[in-house]
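Residue numbers (numbering that gives the first Met the number 0), protein chains in the order written: chain A, 0 to 662; chain B, 0 to 259.
Cβ coordinates follow ideal geometry from the N, Cα and C atoms, glycine included.
Structure record follows, encoded as structure tokens.
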Amino acid sequence: MKAIFLSLLLISLGTAWAQTSPCEARAQGELDLRLEVQGYGVAFVGDLVFDSNADRAELFNGVCFVAGTGAGAEAAAWQIEAEQMVVENVSGAPSFVADGAMLTLGGWQIVTSRLRSDETGFVLTESSFINQNIQGRAASVRYDLETGDTLLGEVSAASPRYRVSGARAQLIGDSLIFEDALATTCMCEGDELYVVTAPNVSFDLVQERVVIRDGVLEIGNVDISLAEELELSEEALRDVEFPVVIEYIGDDPSTDGSREGTGLGIRVTSFRVAEGVSVEVGATGIDQAYPLSGILLLHVKRPNLRIDIGKAAEGFQANVAAEEALLPWLDIDFGVDTELWAAQDFLQQGYVGVTAHEQLNDLLPGDSFSVSSRGFLALSRQVIDGTDVRSPRLGNTLTLDYVFPDTPAGVFGVAAGAELIYYPSYRAAQYGVQFAPRWRYATGPFSANASYSLLLTNAASPFSESLDRLEDESEVNATATVLGPLTGIGLPTGSLDGQATANTRLDLLARRADDESLVKELTFGVSGFYATGTAVLRPSFEVEVASLLTGVYADADAFVSGDISFAVPAIEVGLRSRYDLEPATRGFDQLELRTSFPIVLPAVTLTPFIALDSARYLFGTDSAVIAGHGLEAAFKTCCGTVITAYRQSGGEFTTSFSVKLSE
Amino acid sequence: MVTLYVEQRFAKLLSDLLFDEERFIVAEMHPECVWGKLLLMNPTICIRYALTLLCVGALLTAAAQDEFAALVIEPLPGGSAVYDIDTGYTTLADGGVIRDRESDLSITGSFIRYQEDTFIQVSGAVADGPFGDLEAAQLYYDRVSETIRASDGVSFGTGNIAMSSQELFLYLSENIALAQGEVEGSMPPLSGQALVVDIDEQDALLVGPYSYQDGPVTLSSDSAGELLAFAWQQVGEEVDFEVRSVVPAELRTRLEPYIP
């Protein structure tokens, strides 16, 4: 009904002002009657009646009310156009009422059923607005004359590609900033195929961009958490992973395939049943070799409360965690954890903790310093290798982090921490001291990171590592990357981007054991991206040589691999090969040919994917195996082209949901 | 020196009398020089004239002070009134007070010249009457058309409005005032090119370019000839004004003819 009313209002205003709006008439030299109102601006009016007894003025036959002096060259902060307007309390603090008025704020034109002023600004009811390609409606609009802030309530806006609505919104420049918002590309009436809900959504009409913060993609009752900040675009929606997880969890050989939660599993991780309440359902051990285990978990997520309760893949789970701010710098948290499965050593505990924290910036210009300390009391129990371990835990942790001001040599930072936990039942105490400096440098296409982590502890906890037991650590990580377009190569057409990366991880404590390598990882990689027209060529090369350099066990086998793919719209072919460099297993262990191609049907376009690994066939005695498979289905809907897909490739199973807006 | 308090009709009577008896004397008589001249030329005539003049003067003085006289003109104390037989004008060079009982008009001025039934010319005039109050550097009362023209800086107040202007016309029979040239109102605060006021009906037409102010609100128009109608009335101790940019037809018919 409101929509019809507003539409009629717009049509009637449009008809009335089809020839000349009041301010256009003013610009053409008409409406030369000026009503200057201190604190507001100047109203140019066709005619006027003022009654001092009623202290009331009626302006009619066109009103063009502008902020400031009304000088032609002046860009007014606001402008009101109406066929008539009533001014009350003329001799005191004038107030205005106009039905069927239009308020112009910069590029925004807001047409309202009624505009009135109050002590600080203008209040509009039942309004519709337009700015370039965006139009929308709001139950209320409030413009503050002093600050220039424009707040809208119960507001919705749409461009040719997006629809966004929210409990509140603010006009800032040419953007609408929504709160408690809902965004979608579905332009059809009725229930949307999907929406994105978020506490904050920015709708930039100039760029026609919708930027979402802390958003959740809702498809039916399935919720998918999105990145902290994400632009609602083809690119962003292309990367959304559907919350269906198909995974394979190998069992510990010692348990002989009997452990729950292992084997092939499938889970829907977030099925919303109410606001902030979702259910996770699925099963593991679908394959015959592993025990079948169902999953049914209830997740409650509130601002200060989180509950996970039910049957997890591994066993029964009941976790409740709550936190509350006591002071701006002091929080309290408490909860219970029940995780009755082997990986967690059948943990059961209740705890309460108090955390003090402070952030200090610019102690030196450009630096930052944070400090936090948590004291806690817990009653914990684990069953470790059949031994029942139970004890109170009384502990305190201290964490410090300092980032130095930027230097020409890069950004340096250092983290330090200390931890002390006392176990009365065992009359034992565990300490840990950590020191972790880090460095980051970037210039042009080159960037480098290096960090060192040192942890010294007496490892005296009677509990397992899954709870609080510490281990000594002394590890170096370093990465160097060159990334950017490759110019000067003299390509006849197209563009070529390249990336070269070197990465290493050193375990300094490995020196203690003869059979462990100091160098845990040493990887070099080169990749390219060549595009010409709609065709894309992606070659890549990678080599891991840690174990070859040291001759002892590293975290990864030595190998060299190469991959090349060629894609034109909807069709992709690729070849991947991997050569194992370990002396014992040297040889090709992967020679994978993959392809995908579209099958166009009336309602849907299907693009199957298949990868065939022929390494064993060509270099061994085994037959070729299907190394990957997948299917992409693209539907044209009022939300754009919706694409759902799954792919099993390279040992990973992925599902995706994306929306293509340009078709 | 003889002071004449002359009502016009008696001045005319005196003029006729002297003219009939002694044409020469009447023709030559002048307050500035006549006495010495006559005394030298013909003392007899001079004495006779002086006696006649004294008699008539006494007669006229009594007549002028008649409370039923329509036009009473009083010089300021110590001032003089000189009747110019040539022109028929009487001049109060030091000013005086004029009371016109017919129009209930009172004018005080620093210089007055008049001819009964024809005009009264006053400098430094302060006037009041049914139309209100008026101050002007120059005032000319055309008794034939019953019109007052005040100029060279005019302040005018009537009823509940007060203003100043370069020039003001008062049409006494219609009780309508036209102020023009830099019209500035203090009550209500307004300005305009001209203002036509119907004193009896308590309404007016303000002629643009104009402005009208009420508290924090100022109404204005830059268009020459643009009209703004306003009316006022006393309500208790307050004066209410009603202002309209759309001039009612009746008001336009009534006042527009006075707009220059």
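Three-way DSSP call (helix, strand, coil) for residue i in this model
| i | result |
| --- | --- |
| E115/B | coil |
| F403/A | coil |
| Q358/A | strand |
| L250/B | helix |
| E145/B | coil |
| E80/A | strand |
| I223/A | strand |
| A602/A | coil |
| P42/B | Bear in mind that a pLDDT of 48 at P42/B, under 50, signals an unreliable position, so the model cannot answer this. |
| C22/A | helix |
| E200/B | coil |
| Y161/A | coil |
| T119/A | coil |
| Q27/A | coil |
| H29/B | Bear in mind that a pLDDT of 37 at H29/B, under 50, signals an unreliable position, so the model cannot answer this. |
| P187/B | coil |
| Y257/B | helix |
| T584/A | helix |
| L137/B | Here residue 137/B turns out to be Gln, not Leu, going by the sequence shown. Three-state result, Q137/B: strand. |
| Q343/A | helix |
| A124/B | strand |
Selected residue, minimal CA-CA separation from residue i, among the options
| i | options | result |
| --- | --- | --- |
| A149/B | G180/B, E173/B and V242/B | G180/B |
| F155/B | E145/B, Y139/B and A135/B | A135/B |
| S546/A | R301/A, G527/A, E520/A and P597/A | E520/A |
| Q347/A | T500/A, G334/A and E357/A | G334/A |
| L362/A | P404/A, E178/A and E541/A | P404/A |
| E178/A | C187/A, V195/A, C185/A and E191/A | V195/A |
| E82/A | A501/A, E23/A, Y529/A and N360/A | E23/A |
| P461/A | A76/A, G309/A, G106/A and Y421/A | Y421/A |
| G264/A | D471/A, V276/A and A282/A | A282/A |
| D116/B | A69/B, P256/B and A203/B | A69/B |
| E274/A | L297/A, S539/A and E118/A | L297/A |
| S446/A | P491/A, A499/A, P423/A and T111/A | A499/A |
| T89/B | A176/B, S164/B and I111/B | I111/B |
| A156/A | E145/A, G147/A, Q131/A and L144/A | Q131/A |
| T533/A | P582/A, G493/A and E541/A | G493/A |
| L169/B | D197/B, P188/B and R243/B | D197/B |
| I79/A | P21/A, R33/A, V209/A and T124/A | P21/A |
Residue i: CB within 6 Å of a non-hydrogen atom of the ligand NAP
| i | result |
| --- | --- |
| L536/A | For the ligand NAP, the structure offers nothing, since it holds no ligand at all. |
Residue span of the alpha helix (DSSP H) that contains residue i, given as start and end
| i | result |
| --- | --- |
| S546/A | A545 to T549 |
| C63/A | Not the alpha helix (DSSP H): C63/A falls in the beta strand (DSSP E), residues R55 to A66. |
| A614/A | A614 to F618 |
Under 9 Å by beta carbon: chain B residues contacting residue i
| i | result |
| --- | --- |
| V36/A | P215, V216 and T217 |
| P93/A | G214, P215 and V216 |
Assumed close pair residue i, residue j - CB separation to whole angstroms, cut-off 8 Å
| i | j | result |
| --- | --- | --- |
| T107/B | V125/B | 5 Å |
| L171/B | S109/B | About 22 Å separates the two Cβ atoms, so there is no contact after all. |
| S116/A | D239/B | That pair is no contact at about 24 Å. |
| L102/A | L114/A | 6 Å |
| A76/A | G172/A | Wrong, their Cβ atoms sit about 13 Å apart, outside the cutoff. |
| I109/A | V140/A | 6 Å |
Listed by chain order, chain B residues near residue i by CB distance under 8 Å
| i | result |
| --- | --- |
| P21/A | By Cβ distance, chain B contributes nothing, its closest Cβ being about 15 Å from P21/A, past 8 Å. |
| L192/A | Within 8 Å Cβ-Cβ: nothing; L192/A doesn't reach chain B, min ~55 Å. |
| L32/A | L218, S219, S220, E225 and S244 |
Unbroken beta strand (DSSP E) run spanning residue i, endpoints
| i | result |
| --- | --- |
| W438/A | A427 to T442 |
| G334/A | L329 to L339 |
| V413/A | V410 to Y422 |
| Q498/A | S494 to D506 |
| N318/A | F315 to L326 |
| V658/A | E651 to K659 |
| V210/A | R208 to R212 |
Chain A residues whose Cβ lies nearer than 8 Å to that of residue i
| i | result |
| --- | --- |
| V153/B | Going along chain A, no residue has its Cβ under 8 Å from V153/B, so there is no contact; the nearest lies around 25 Å. |
| E241/B | V48, F49, D50, S51 and N52 |
Proximal chain A residues relative to residue i, where beta-carbon distance stays under 7 Å
| i | result |
| --- | --- |
| V234/B | N52 |
| A182/B | The question names Ala, but residue 182/B in the sequence shown is Val. Under the 7 Å cutoff, chain A gives no residues; its nearest Cβ is about 18 Å from V182/B. |
| V245/B | D46 |
Contacts of residue i in chain B (Cβ-Cβ under 7 Å)
| i | result |
| --- | --- |
| V89/A | D213, G214 and V216 |
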